[in-house]
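Visitor: So that we are looking at the same thing, I have put the structure below in structure tokens.
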Amino acid sequence: MELSLAVEKRFGTFTLAADVTVRGEQVGIFGVSGSGKSTLVSMLAGLVDPDCGEIVLNGECLFSTQRRINVRPEKRRIAMVFQQHSLFSHLNVMDNLLYGFKRCRPEHRRIDVDELIRVLNLAQFLDRDMRHLSGGEKQRVALGRALLANPRLLLMDEPLSALDDSLRFQIIPYLKSVSEQFHIPYLFISHSLVEMRLMTDTVLAFAHGRMVEQTSSEQLARNRMDTSPVGYINLLRLGLPVSVADLYAYPWGDSQLLISAASDRPESMVELSSKDIILFKQHPEAISARNLLRCNVRSLFTSGRKVGIELDCAGNTLIAEVVQDAVNELGITPGTTVYAAVKASAFRMLPG
Amino acid sequence: MFLSESDSQSLWLTIRLAFAVTAILLFVGTPIAWWLARTRSRFKGPLGAVVALPLVLPPSVLGFYLLLAMGPQGPVGHLTRTFGMSALPFTFWGLVVASVFYSLPFMVQPLQNAFESIGDHPLEVAATLGASRLDAFFTVALPLARPGFLTASIMTFAHTVGEFGVVLMIGGNIPGVSRVASVQIYDHVEALEYGQAHHMAAVLLAFSFLVLLALSVWRPTTLKTARRD
Chain P
1 MELSLAVEKR FGTFTLAADV TVRGEQVGIF GVSGSGKSTL VSMLAGLVDP DCGEIVLNGE
61 CLFSTQRRIN VRPEKRRIAM VFQQHSLFSH LNVMDNLLYG FKRCRPEHRR IDVDELIRVL
121 NLAQFLDRDM RHLSGGEKQR VALGRALLAN PRLLLMDEPL SALDDSLRFQ IIPYLKSVSE
181 QFHIPYLFIS HSLVEMRLMT DTVLAFAHGR MVEQTSSEQL ARNRMDTSPV GYINLLRLGL
241 PVSVADLYAY PWGDSQLLIS AASDRPESMV ELSSKDIILF KQHPEAISAR NLLRCNVRSL
301 FTSGRKVGIE LDCAGNTLIA EVVQDAVNEL GITPGTTVYA AVKASAFRML PG
Chain S
353 MFLSESDSQS LWLTIRLAFA VTAILLFVGT PIAWWLARTR SRFKGPLGAV VALPLVLPPS
413 VLGFYLLLAM GPQGPVGHLT RTFGMSALPF TFWGLVVASV FYSLPFMVQP LQNAFESIGD
473 HPLEVAATLG ASRLDAFFTV ALPLARPGFL TASIMTFAHT VGEFGVVLMI GGNIPGVSRV
533 ASVQIYDHVE ALEYGQAHHM AAVLLAFSFL VLLALSVWRP TTLKTARRD
């Protein structure tokens with residue numbers, strides 16, 4: 001997908017101005033509430049008209065004040081998944097799923113309905129009324145409905161923000177794998193750095209109606225480490241644990257981590273904040289933290305007043321954050337060996 | 353028998369009139385209500401006021417102007433003459449036209465409320481799924497406004513059944529043609545036939561009560577359903 005935007009929209013004292021060209025299949029739009037990201041996607045979908053400018057998707061002009069082009073939303077083939085599921089309450093699951101599919105020209109139909117129903121695990125709900133579905137099921141139906149419209153671009157406007165953590169991490173694999181499987185590029189809008197990293201490669205960051213950064217989702221999380229209240233979130237994929245005394249030992253690459261939370265899944269995802277890692281120059285003599293990892297410093301980066309340390313822990317990567325004084329005191333430079341201490345309770349198991 | 357032949361005839365006429373008016377207003381009132389619910393035009397206020405006029409206007413005033421308009425010298429009278437039709441006053445279809453005007457707000461206002469409560473969002477969703485405006489209207493707006501249609505139809509039907517002033521002005525009192533139930537009761541009272549007036553009045557009272565009961569029983573259910581959505 002190649003998307004060029006050069007638009008301006010004024011709402012009272014707020015002005016949204018974007019001038020960007022982005023290429024990629026999984027693009028994120030990041031920003032706090034009120035930064036203009038939802039307005040931007042509404043303009044892309046044709047639901048809001050820019051005051052001036054141009055929108056070009058894959059070489060086709062969708063909007064241009066200069067050339068007096070404004071392709072109607074139903075002709076753009078840009079589907080949306082909204083914050084609230086926005087399903088049609090007068091239709092059952094199957095009729096909701098097929099709403100866009102029936103209106104899609106046969107030559108554009110690439111997605112097999114039965115296959116999508118299987119992938120989204122919706123087969124047992126097809127006759128159900130919308131009122132009898134959970135939040136996660138509704139959002140899966142909304143995703144399926146948007147995909148079955150066979151769009152050339154899928155817009156997802158904070159589709160997970162109305163869900164609790166458990167549902168959110170259940171839905172993410174569906175969102176990502178389904179669009180990958182059916183080759184549908186998407187724009188994913190969120191104010192969550194973790195969601196950005198799980199869902200996107202390239203990110204456009206917005207603030208106060210302006211695009212302030214175009215970068216990778218990983219780089220964005222590092223850049224925002226200082227301003228984020230939880231620092232940088234390390235996302236670790238761990239294997240099936242074994243019980244060790246009061247804790248659980250999880251395989252982590254060639255190493256293992258002791259964590260207080262149990263899991264019966266063959267693969268678990270856990271979060272670890274960069275703030276919860278303490279670095280030692282030498283092996284401490286005695287320490288209460290149950291995880292002491294010997295690591296090599298791979299690189300350092302700054303984020304505001306904080307310094308991020310990228311650590312290589314037996315082939316695994318961890319990001320720790322310290323202040324500049326600590327870097328100086330410990331003499332941390334790339335290649336230095338340090339010991340990273342992490343309490344067993346510092347890990348947060350992601351539901352899934 | 354509970355009702356005399358002329359009573360039954362006037363009741364049957366009233367029911368035919370109410371069905372005809374409700375059916376016509378469903379077609380006429382729906383686009384007006386849709387426009388009022390969606391427009392940002394400066395004409396929204398004046399048109400809304402015109403639609404609501406029958407709520408506050410004395411029926412005799414509305415009936416008088418309609419009589420002038422439909423009379424031989426009026427614009428509608430001219431039109432009917434041009435097409436070789438007889439004048440509308442004192443005919444069944446004259447009653448229908450007058451009742452359509454008189455019951456207009458009872459159809460338009462519940463529909464307008466229903467369309468407004470749907471909002472823009474479901475229609476925007478439909479548009480992103482490839483539905484044209486007309487398609488979205490028929491496949492999303494109309495089904496979602498179904499409770500509004502039911503309320504509007506019941507209110508319009510019931511209001512037409514209860515009309516008196518306008519029908520008397522336009523239809524007069526011709527048995528089998530324009531003598532509706534309310535006029536029949538008036539006739540009975542004029543002739544001091546209180547027994548027959550009681551019977552007719554009881555039928556209309558029971559009908560009105562049942563309509564209101566149906567609305568009050570049915571409305572909370574639909575509202576609860578809407579809230580769950």
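Chains as they are written, first to last, in my numbering: chain P, 1 to 352; chain S, 353 to 581.
Just so you know, even glycine gets a beta-carbon here, dropped at the ideal spot from N, CA and C.
Please read these numbers as outputs of a predicted model, since none were measured by experiment.
#1: Specify the secondary structure class of Pro427 of chain S as computed by DSSP and reduced to three states.
#2: Using a beta-carbon distance below 8 angstroms, is Arg152 of chain P in contact with chain S?
#3: Between Val468 of chain S and chain P, is the shortest Cβ-Cβ distance under 8 angstroms, so that the two count as touching?
#4: If you compare alpha carbons, which of S:Phe516, S:Ala549, S:Ala504 and S:Arg531 is closest to Leu377 of chain S?
#5: Do Gly135 of chain P and Leu163 of chain P have their C-beta atoms closer together than 8 angstroms?
#6: Does chain P have any CB closer than 8 angstroms to the CB of Phe505 of chain S?
#7: For Gly335 of chain P, is the classification buried or exposed, using 16 other Cβ atoms within 10 angstroms of its Cβ as the cut-off for buried?
#8: Buried or exposed for Asn150 of chain P, going by 16 or more other Cβ atoms inside 10 Å?
#9: Under the three-state reduction of DSSP, which class applies to Asp165 of chain P: helix, strand or coil?
#10: Note down the Cα distance separating Pro173 of chain P from Cys104 of chain P, rounded to an integer number of angstroms.
#11: Determine whether the beta carbon atoms of Gly381 of chain S and Met437 of chain S lie at a separation below 8 angstroms.
#12: Which residue comes first and which comes last in the beta strand (DSSP E) that contains Gly53 of chain P?
#13: Output the residue ranges of the beta strand (DSSP E) runs that lie fully inside the segment 26 to 92 of chain P and measure 3 residues or longer, sorted by chain position.
#14: If you draw a straight line from the alpha carbon of His550 of chain S to that of Ser534 of chain S, how long is it in whole angstroms?
#15: Starting from Thr374 of chain S and walking both ways along the alpha helix (DSSP H), at which residues does that stretch end?
#16: Starting from Ser268 of chain P, follow the beta strand (DSSP E) in both directions and report where the run begins and ends.
#17: Compare the beta carbon distance of Ile287 of chain P and Ala341 of chain P with 8 angstroms and say whether it is the shorter of the two.
#18: Taking the beta carbon of Leu486 of chain S as the centre, do at least 16 other beta carbons fall within 10 Å, making it buried, or is it exposed?
#19: Output the boundary residues of the beta strand (DSSP E) element that contains Pro411 of chain S.
#20: How big is the Cα-Cα spacing for Glu8 of chain P and Asn58 of chain P?
#21: Does the beta carbon of Phe88 of chain P sit closer than 8 angstroms to a beta carbon anywhere in chain S?
#22: Strictly below 9 angstroms CB to CB, what residues from chain P border Val295 of chain S?
#23: On a CA-only basis, which of P:Arg294, P:Ile278 and P:Leu292 is nearest Val327 of chain P? Give me that one, please.
#24: Check whether the Cβ of Gly482 of chain S lies closer than 8 angstroms to any Cβ atom in chain B.
#25: Measure the beta-carbon distance from Ile319 of chain P to Tyr250 of chain P and round it to whole angstroms, keeping in mind my assumption that it falls under 8 angstroms.
#26: Would you mind working out which of S:Ala566, S:Gly446, S:Ser393 and S:Val402 sits nearest Ala510 of chain S, comparing C-alpha positions?
#27: Could you list which residues in chain S have their beta carbon closer than 7 angstroms to that of Gly100 of chain P, in chain order?
#28: Between which two residues does the alpha helix (DSSP H) harbouring Phe11 of chain P extend?
#29: Using the C-alpha atoms, what's the distance from Thr443 of chain S back to Val513 of chain S?
#30: Helix, strand or coil, according to DSSP, for Val338 of chain P in the structure here?
#31: Return the first residue and the last residue of the beta strand (DSSP E) that Gln214 of chain P is part of.
#32: Pull out every residue of the segment 35 to 64 of chain P whose Cβ sits closer than 9 angstroms to any Cβ of chain S, in chain order.
#33: Could you tell me which residues DSSP puts in a beta bridge with Gly308 of chain P?
#34: Can you find the residues in the same chain that come closer than 6 angstroms, C-beta to C-beta, to Cys313 of chain P, ignoring five residues on each side of it along the sequence?
#35: What does Leu496 of chain S touch in chain P if you count any residue whose Cβ is under 9 angstroms from its own?
#36: Determine the chain S residues that contact Met80 of chain P at a beta-carbon separation under 9 angstroms, and present them in chain order.
Guide: Taking the definition as stated:
#1: helix
#2: no
#3: Residue identity check: residue 468 of chain S is Glu in the sequence provided, not Val. It does not; no Cβ of chain P falls within 8 angstroms.
#4: Leu377 of chain S has its Cα closest to that of S:Ala504, out of S:Phe516, S:Ala549, S:Ala504 and S:Arg531.
#5: yes
#6: The question names Phe, but residue 505 of chain S is Ser in the sequence shown. No - not a single Cβ of chain P is within 8 angstroms of the one on Ser505 of chain S.
#7: exposed
#8: The residue in question, Asn150 of chain P, is buried, as its Cβ has 16 or more Cβ neighbours within 10 Å.
#9: If DSSP states are grouped into helix, strand and coil, Asp165 of chain P belongs with the helices.
#10: 26 angstroms
#11: No, the pair does not count as a contact, with Cβ atoms beyond the cut-off.
#12: For Gly53 of chain P, the uninterrupted beta strand (DSSP E) run begins and ends at Cys52 to Leu57, by DSSP.
#13: Within the segment 26 to 92 of chain P, the complete beta strand (DSSP E) runs of at least 3 residues fall at 26 to 30, 52 to 57, 60 to 64 and 78 to 81.
#14: 12 angstroms
#15: Glu357 to Arg390
#16: For Ser268 of chain P, the enclosing beta strand (DSSP E) has its first and last residue at Ser268 to Ser273.
#17: yes
#18: exposed
#19: Run containing Pro411 of chain S: none in the beta strand (DSSP E); it sits in the alpha helix (DSSP H), Pro411 to Met422.
#20: The straight-line gap from Cα to Cα measures roughly 20 angstroms.
#21: yes
#22: What the structure shows of chain S is the stretch from 353 to 581, and residue 295 of chain S is not part of that stretch, so it cannot be assessed.
#23: P:Ile278
#24: Looking for chain B here will not work: the only protein chains present are P and S.
#25: That belief does not hold up - the Cβ atoms of Ile319 of chain P and Tyr250 of chain P are roughly 19 angstroms apart, past 8 angstroms.
#26: Considering only alpha carbons, the answer is S:Ala566.
#27: Leu481 and Gly482
#28: Looking at the DSSP string, Phe11 of chain P is not in any alpha helix (DSSP H); the run it does join, the beta strand (DSSP E), is Glu2 to Phe11.
#29: 17 angstroms
#30: Residue state, collapsed to three classes: strand.
#31: Arg210 to Ser216
#32: Within the segment 35 to 64 of chain P, contact with chain S at the beta-carbon level (separation under 9 angstroms) is assigned to Ser42, Ala45, Gly46 and Leu47.
#33: Answer is P:Phe301 and P:Glu321.
#34: Leu293 and Cys295
#35: Phe88, Ser89 and His90
#36: Glu476, Val477, Thr480 and Leu481
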